[in-house]
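Visitor: The numbers in this note's numbering rise by one with no breaks, and the one at position 31 of the sequence shown is 15.
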Amino acid sequence: MIHPPEARRAQGDAAEDRACRHLEGSGMTIVERNFRTRGGEIDIVARKGDVLVFVEVRSSEVPGFGAPEASVTPAKRRRIVGAARRYLSNVPPASWREARFDVIAIEGVGNAAVVRHFPAAFDAKGKVL
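#1: Using only the alpha-carbon positions, how far apart do residue 49 and residue 43 sit?
#2: Exposed or buried, which one is residue 107 when buried takes at least 16 other CB atoms within 10 Å?
#3: So the candidates are 99, 71, 30, 105; which of them puts its Cα closest to the Cα of residue 12?
#4: Mapping the DSSP letters down to three states, classify residue 23 as helix, strand or coil.
#5: Could you spell out where the alpha helix (DSSP H) holding residue 69 opens and where it closes?
#6: What residues match up with residue 36 in a beta bridge as DSSP calls it?
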């Protein structure tokens, strides 16, 4: 089923809200959402101590279309890494010691949704770890 753009955006916003609650529940602070730059976007920038975490959120309400995390393609990872580099160029280096790239996959709807968090899912070269 094809959803209109506004329905997809609402689904994406709901998934990002759920991901933020998950991250906060694991002790992270949300620094920014939907950081956009030419050529890329980062869904969530979070922080835990002196580690900045760039989070890509993928969701699927309908089972059977493959795992949401599998949709983070090499091209998508490169765009995320590029956006993270631009983000970091505007952040004082002394404010963070390490950066990593996480993926959060949300499958299902509402309270029945399953949240899977993949810390350090890929590296700064976009290589899956």
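Using N, Cα and C, we set each Cβ at its ideal position, and we do this for glycine too.
Guide: With the structure as the only source:
#1: 11 Å
#2: So residue 107 ends up on the exposed side.
#3: 30
#4: coil
#5: 58 to 72
#6: Bridge partners of residue 36: 31, 83.
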